Structure formats: C-alpha cells, structure tokens
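There are 2 protein chains.
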Amino acid sequence: MKSKYTTIIDIARQLNISKSTVSRALTGHPNVKEHTRKAVLELAATMEYQRNSLALGFSKHTTNTIGIMVPEFMSTYFPSVIVGVQDVMQAAGYNVVICQQNESYESEVSNMKLLLSYCVDGIIVSHTKETRNFDHFTLAQRRGVPLVFFNRVPDDMNVPNVVVNDYEAAFQAVEHLIGIGRKRVAHLAGPESLVNTRQRRQGYLDALKKHGIPYNPDLVLSYDLTTEKVKIYMKHFLDLETPPDALFAINDPTAIAAMEVVKAKGLRIPEDIAVVGFSNDFSAQLVYPGLTTVAQPTADIGRTAAEMLLTEMKAKVKNDYTIKKAPTVQLPTKLIIRESTMIKGKAKKR
Amino acid sequence: MKSKYTTIIDIARQLNISKSTVSRALTGHPNVKEHTRKAVLELAATMEYQRNSLALGFSKHTTNTIGIMVPEFMSTYFPSVIVGVQDVMQAAGYNVVICQQNESYESEVSNMKLLLSYCVDGIIVSHTKETRNFDHFTLAQRRGVPLVFFNRVPDDMNVPNVVVNDYEAAFQAVEHLIGIGRKRVAHLAGPESLVNTRQRRQGYLDALKKHGIPYNPDLVLSYDLTTEKVKIYMKHFLDLETPPDALFAINDPTAIAAMEVVKAKGLRIPEDIAVVGFSNDFSAQLVYPGLTTVAQPTADIGRTAAEMLLTEMKAKVKNDYTIKKAPTVQLPTKLIIRESTMIKGKAKKR
DNA sequence: CAAGAAATTGGAACCGTTCCCACGAAAAAA
DNA sequence: TTTTTTCGTGGGAACGGTTCCAATTTCTTG
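So the protein lines, in turn, are chains A and B.
So in the numbering used here the end of the first sequence lands on 351, straight run, no missing numbers.
So in the numbering used here the end of the second sequence lands on 351, straight run, no missing numbers.
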C-alpha cells in the first residue's frame, strides 16, 4: 500500500508466482498455463493494473509513440493535418503527442529535445518561421529517430517530406488574377526563412513574366506573418500613387486581414482590388466576400506524412539520407474561385 | 559505439570517475569539485549527452510534464485555451503534451491511459461529447494525478475546474434577442451529455419566462454537433408553420452552419431571423453578416486552469476531493453584438 | 516405466538515472 | 597534534518491465 498503483510485482506476490510469469501472462506470451494466465488477468483487472510505459520504454528504447511538431494551430491548416496523422497512426497502433511552438524557435528546440528524451519512435515536423538553424533536426537523425517534414521543409536538408507544388499553385493563382484583367498585382509574401515564401514568390514572378507584365518591386513585400504588419503593409500598398488592382497573399489569414484594410478604406472587393489567398482555411469561405484561394489537401498531407514515417520507422536498417535521396511526395492543389476574384455579372448570388 | 546516444556511464568511463559524480555534476549538485564539474560538462557537450527522461521519470515517478486533453481543435476555442496553458506551464518549467480526441470517447479513454502510463504530473481536461462514463478520470485521481477541468465539466464529479457562467451568458444572449423585438426564439442545443448544453438551455428558458414568452418545445432541438444535423434541424425550423424569428445556437460553428441554411433559403439576417452564437470563435467576425456571440476569455481560461493545476501538483498532501470541496473559478463572458442581431438603421456599414 | 521432449516457471541481468550511505582526504576547530 | 567537520567521491540499491537461460514439472513415447 506504499504506492498508489499496481506493478507486476504486486500481482506476482499476491499469486505467489514470479514476476516473469506475470509479465508473460500480461503480454500474451504463449508459454503460460491457461490457469495461471486467467488468474493473472483477473487479478490485474481487479487491482487496476496498468503497464508503466516509462519502464517499458526505458528498457526497450522504443515507446510506440510519435510526436508531431507544428508552428501554430490557430488556422485550420495544421489541426487538419494533425487529424490526418492521427487517423493513420491510431490505425497502426501508435500514440500521437502534439507539440505546438507558437512560431518560437526556442520552443521548437526544447520540444524537439523533449520528444527525443522521451524516446519517441519518430517525429513529423513543420518548422517555425524563426527557424534558421537546423541542428536540432540533425540531432534527431544522429539519434536514429526518423523525421518527416511537411509544408515547411528545411531546404538545405535532405529529408523525407510531403509538400504541395507551391510554385505551380502560386503561378496559377496569379495567372487567374491576370486572367480577370488585373495588371498591378501586389504580393504580400511571408518570411524569407520559409521555403514556401520563396517558391510562391517565384511563381508570382514567373506568372507576371509569362504575361508580359513587368515586375514592380514596390508591389512585393515580405513580412513576418503578424496581423499588425499586414495592416501597415496593406495600407502602404493602397496609398501608392497607382495602387494595385489585385493582391496575392502568402496565406488566408494574411488575405483576410488585408481585406479588412481594403474594406475599411471603402474600396470594393473585387471591383477595386481582387484578392487571392493560400491554403483554403475554413475562414476563406466565411469571409465576405468569399476568398479565392489555393486549396491544400490537408488531411491527405497528414495521412501521407504518417505513412511515410511508418515506412521510415519500419526500415530495419535506418536510412541514411546523407548518402541517399530522401523520399518526397507532392500532393495536388486546387484553385478555389470565390467572390473575391469574381468579376461583375459572374458573381454568385448570396 | 553500440548505441547512438550518450549516457552518464559513457562519460564516467571516459573520465575514469563514477557515474554518481557525473550525475551530480550534471544536475548541479553543490558537492562536486569545480575541476571535475567542468570536465564533465565539457565532455557531455562534445558527446551531445542528453538526459534520458524515461529513465528519470521511471525512477522518480514524476516527469515535469503535464497533459492537456481536448475534444477537438478545428474551432479556435480549444487551440486558444491551449496557448494560455502553455504560456503558464512553460514559465513554470513544465512541458505540455496535447491530446486531441476527435470527440471520441474511446480516444479519450486511451489517451488518458497513455498519459497516466507516461507518468505525467497532471492533466487538464475538457471531455468529449460522447463521454458519459467518468471512470478514466477517477482512475487518474486514484493514481494521485491531479486533474483540472475546463469548459466541459463532469457534473457529478467534484473536481477543480475553470468555467464561465453558461447560464447567465445564455440568459443575456436570449434577453438581447427579445430586446430587439423577437418573440419566437429558437434554440439549437448541444448533446445532453454536456453540462454547457443544460445550463445554456436553462438560461434560454428562464430568459423567455422572465419576459413572459411561453416556452414552445417545437423551437428547441438538441443535436450532436455535426454539421449535417444543423442543416436538417435548421431547415426543419424554417419549414414550421410559424417559423422562428431568432436563433440562439449552442456555439459559433452551429450558428454559422445555420446561417448558411437561412441564406440559402433566401431569408435575410437579421431582418427575417436574428442569430446569436457562443464563444466568439475567430470565424464569428468573418462570417457575413457578423455574428453576435458570447465571448469567452479563452486564453485566460487556459492560464487559470494551468495555475490551478500547478497549485494541485504542489500540494504536498494530495487534496482529496471526495471529502472536501474542489476549487472552481468562474470567468466573465461578454456579449459581442454584431450585424446578425442589429436591427435596420443601427447596422454598421460594411 | 524410464528416458527424452515439451511445457511451464523462476532467477537474474539489463535499461539510465538518482540518491542514500560509506569512506578517505582535507580543512577547521580543539 | 588530535579530533571533528566538511568536502568530494565511489558503490550499490531502487525504479518496473522484458527476456534469456536454466530448472522444474508434465507429457510422450519407446
């Protein structure tokens, strides 16, 4: 009665048998007499025995648990990916613990060390916007803990990852804006540290080029993804001598915050300025007018990343991606056209 | 070189000292010679030593980690509470792992056992809509692991919890609807299993009673919080011989889904039917027209729950809530009035 | 019925860390 | 100088479970 929980030793003592036998009975080892097994299982149930995963993980160095690290989860993007991951992992008998970094590099490093020190069997990661040093990721690899990245992938690391074609999607989005007759397309880009930022901007640039629209540096701003900055930058755009007639935003929260500024200034969307976002957050369909955006298959991204991680974990000999090419899966996106880019007459009634 | 990570034994061997001394040096025990300490810390750094938390937790039966269990996180409510929890817990030096149940009772039970088997030091919980059996919670208590509930609190358990006054908030919300002249206020309630459902409904009923509006059972429906059901029930309301002129919804996603139905039927909000939600999700301000709703101090709820849990964990002698009253904190709500209940003329321009 | 095979069980090692106890050396007090 | 503290260190138990190996029991089979 010294501790509040039951151990196999308690059970062994009560039944007057050895803890080895109790362990065998509980884990379903075949070489246990039916009579004994039944006695053990019954007593375990009445004593509310529950296996101590710490002890087990400690001795076996594997925990049947994976971690998922996301930079934030106030938009629906990451939660929805997580649900996809849990889906596959639960079916495969793994537990999933979630770590949320609040876009803080410090949190990312400490959470990575937390997961490693708890001997998780694998980690799915999308890094923060502050992350420029990837030592904590290579540390995991050196420890033999498989990593799979999604969405935000460190571009100078050769790691398994699941992404969408940001370049192509951005290209299409901007081409759509040009297609409805816009010539002065602004771009609110994300932080330079994210590979998405660079690829989406390249898509933007190349779409302009293809359609013979000269690149105007005044219409492109990188920012840190905070709402205050969107407002400042969007006001700046609108105060230009010849303001933009369209905006391609790095993501939906950016687009929505920008739309607020446009509406506050009394301008009309899409007549005065058309807007396109990215990711098809839940809010994109709610905002007025409905936001045209690039839909990402979020749940599929999660499921695919989970399956990829399962493959990595099952590899008897750990794959060494310093010498061989890491697997990459690219999932399709889809441009969802809503009122924020629908020219008059074509607009759906609401 | 047999295993991929460094242990204190490796360090001890290399320096030709005992593992006890290494342990002391690493944990900052005062009785270690400065020279020795320096040597250990240096070697630990170059060997990338990292403490095995499993071993530590296993021997000390405490892990400096707390768990938080939420039923879902596709709305902004739970993520925002979690951020509040992390805020306080990180400052207090605790790690936070998040478990998401997808509103599944099974997940809840298995995640609870997962957290217990990993010896977390405490758990913050909001239970799923399916949860009717609370054995997995009492199990935690019997193990001596403190629990703090928020939002959804099991009502026949005496447990520390952080809530808002659902009754009062609902009462005010419905009174507001009556105040703008509505007589036929419908209520889309949640599942009977949630205490919020019952309290908000009681607030609804009492507000009607206070203003002499007879209760009409046709205008109240409980449902399971799935989007499909909202559509069916809302259509049902609108097809009544004398349909409602206002709706009080159990939460914002419900209100927003209901608004879709209203708009699809060509009815105007708020002219034909005014709508009030609950919780002030991020989407409440985005939807058109803006949704009147009861704001909850989500981050504060998280912070308060975290502080309450810290108190519970620090209690030398575990509080036994079978004999004494558990602490409860009730935080204030605020009715946010937006276009969905603004009668003509008063409506803000958009 | 005895010998060998198979089934069942007990004993002990192991996993990494902390912590208590003991011991010698050095420092302080007598 | 001798005694008492203090300091720094080493040794070993403990934590809970699995697993290998050996020992014991039970079952086959000649």
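By construction, the Cβ of each residue, glycine as well, lies at the ideal position given by its N, Cα and C atoms.
Source: prediction; values computed, not measured.
Per DSSP, reduced to three states, the secondary structure at B:I12 is helical. Straight across, the Cα-Cα distance linking A:K326 with B:D167 is about 56 Å.
Under the Cβ distance rule, A:Y106 does not count among the residues neighbouring chain B, no pair being separated by less than 8 Å. Secondary structure note for B:G123: its beta strand (DSSP E) is the uninterrupted segment G123 to V126. Residue contact with chain A for B:T77: present (Cβ-Cβ distance below 8 Å to some residue of chain A). Under the three-state reduction of DSSP output, B:V164 falls in the strand class. At a beta-carbon threshold of 7 Å, none of the residues of chain B lie near A:S19; the nearest stands roughly 21 Å away.
Taking CB atoms only, A:P192 has no neighbour in chain B less than 8 Å away. The stretch 290-303 of chain A makes no contact with the stretch 138-149 of chain A: fewer than 3 CB pairs, one atom from each, lie closer than 8 Å. The alpha-carbon of A:N197 is positioned some 14 Å away from that of A:Y78. For the pair B:Y95 and A:R25, the Cα-to-Cα distance works out to about 36 Å.
Residue-level contact check: A:G85 does not touch chain B, since none of the beta carbons of chain B fall below 8 Å from its beta carbon.
With contacts defined by Cβ atoms closer than 8 Å, A:P80 and B:M75 form a contacting pair. The stretch 260-269 of chain B and the stretch 303-322 of chain B do not touch, with fewer than 3 CB-CB distances between them shorter than 8 Å.
The three-state secondary structure of A:S280, taken from DSSP, is strand. The stretch 331-343 of chain A and the stretch 94-114 of chain A do not touch, with fewer than 3 CB-CB distances between them shorter than 8 Å. Under the criterion of beta carbons closer than 8 Å, B:I251 and B:L189 qualify as touching, at roughly 6 Å.
Burial of B:H128 is indicated by the presence of at least 16 other C-beta atoms within 10 angstroms of its C-beta.
Between B:L206 and B:V186, the C-beta spacing is not below 8 Å. A:L287 has its alpha-carbon roughly 49 Å from the corresponding atom of A:E49. Between B:L55 and A:L55, the beta carbon gap of about 5 Å places them in contact (Cβ cut-off 8 Å). In terms of beta-carbon proximity, A:P147 stays away from the interface with chain B, with every pair separated by 8 Å or more.
One thing to note: B:R153 has its Cβ no nearer than 8 Å to the Cβ of B:L220. Neighbourhood of A:K114 in chain B, by CB distance below 8 Å: Q51, in chain order. A:L178 sits close to A:A275, with the two beta carbons spaced by under 8 Å. Here the alpha carbons of A:I12 and A:L44 stand approximately 7 Å from one another. Neighbours of B:Q101 in chain A, taken as residues whose beta carbon is under 9 Å from its own, are P80, I83, V84, Q87, V97 and I99 in chain order.
Using a Cβ-Cβ cut-off of 8 Å, B:K5 counts as an interface residue toward chain A, since at least one Cβ of chain A sits closer than that to its own. Contact check for B:R144 and A:Y6: beta-carbon distance about 6 Å, within the 8 Å limit, so the pair qualifies.
Looking at B:V263, B:V163 and B:T132, the one whose alpha-carbon comes closest to that of B:Q102 is B:T132. A:V288 reaches chain B at L287, counting residues in chain order whose Cβ is nearer than 7 Å. Shortest Cα-Cα distance from B:D122 to any of B:I338, B:A307, B:V164 and B:T342 involves B:A307. Going by C-alpha positions, B:T305 is about 36 Å away from B:Y234. B:Y322 has a beta carbon lying at 8 Å or more from every beta carbon in chain A.
Proximity of B:R143 to chain A, defined by a Cβ-Cβ separation below 8 Å, is satisfied.
Excluding residues up to 5 positions away in sequence, F249, V277, V295 and L336 lie with their Cβ nearer than 7 Å to the Cβ of B:A174 in the same chain.
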